[in-house]
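Colleague:
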Amino acid sequence: MNKNEIIKNIINEQNVVISTIENSVSRYKNASDIDENDSIDPEDFSHQDEAKEMQLRYEQILVQAKNNLDFLETYKNKETTKIELGSLIETEDLYIFIGISLQQFKLNGKNVIAISEEAPIYNSIKEKTIGEKITIGTIENTIISIS
Numbered sequence: 343m344n345k346n347e348i349i350k351n352i353i354n355e356q357n358v359v360i361s362t363i364e365n366s367v368s369r370y371k372n373a374s375d376i377d378e379n380d381s382i383d384p385e386d387f388s389h390q391d392e393a394k395e396m397q398l399r400y401e402q403i404l405v406q407a408k409n410n411l412d413f414l415e416t417y418k419n420k421e422t423t424k425i426e427l428g429s430l431i432e433t434e435d436l437y438i439f440i441g442i443s444l445q446q447f448k449l450n451g452k453n454v455i456a457i458s459e460e461a462p463i464y465n466s467i468k469e470k471t472i473g474e475k476i477t478i479g480t481i482e483n484t485i486i487s488i489s
């Protein structure tokens, strides 16, 4: 499987994340937009404030998720031979994309994980090359390719 196909699947997963966040923003926006004339319970105003806070938090998360999508679009065609931003590492059991954090998913029998440079594991793998072993959790894998 080539890098473009894998990145396309990562982009699809990121689009699902964005859609979920947009739904949360919408839900909290509706909850924070109650008509003051219809509300007789002071507690309703407290819930309205909480919903507005959550809306603003999710809007910030949405901005980051969209930035991650932009990053994926920018780096999807980047070819590299070392582990750096935009690299795709293939081992026997998994693909590892460097640049964003995303929940693990399966693709053609292999797990796909996406990690950011801030992930603790990044520091332990960034100097590795093809043929070297990397340990993720308790599982040791050999790097087959870096692209």
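For the sequence shown, position 98 matches number 440 in our numbering, and the numbering has no gaps at all. Even glycine gets a Cβ: it sits at the ideal position worked out from N, Cα and C. As the structure is a computational prediction, the values presented were derived from the model and not from experiment.
#1: Return the chain-ordered list of same chain residues with a C-beta closer than 6 Å to the C-beta of Ala393, the five sequence neighbours on each side being excluded.
#2: Can you give me the start and stop residues for the alpha helix (DSSP H) that Ala461 sits inside?
#3: If we require 3 or more residues per run, which beta strand (DSSP E) segments fall completely within the stretch 398–465?
#4: I'd like to confirm the pairing. Which residues does DSSP put opposite Glu482 in its beta bridges?
#5: Determine the contact status of Leu449 and Tyr437, defining contact as a CB-CB distance below 9 Å.
#6: Rounded to the nearest angstrom, what separates Glu432 and Val405 at their Cα positions?
#7: Need the endpoints of the alpha helix (DSSP H) that Ser489 sits in, please.
#8: If you run the structure through DSSP and keep just helix, strand and coil, what is Lys470?
#9: Identify whether Asn344 lies in helix, strand or coil by the three-state DSSP scheme.
Modeller: On the basis of the data shown:
#1: Here the set comprises Tyr370, Ala373, Ser374.
#2: Element bounds for Ala461: n/a, residue is neither H nor E.
#3: Runs found: 430–433, 436–440, 444–449, 452–457.
#4: Thr477
#5: The criterion of a C-beta distance shorter than 9 Å is satisfied by Leu449 and Tyr437.
#6: Each residue's alpha carbon lies about 29 Å from the other.
#7: Premise fails: Ser489 is in no alpha helix (DSSP H) and is neither H nor E.
#8: coil
#9: coil
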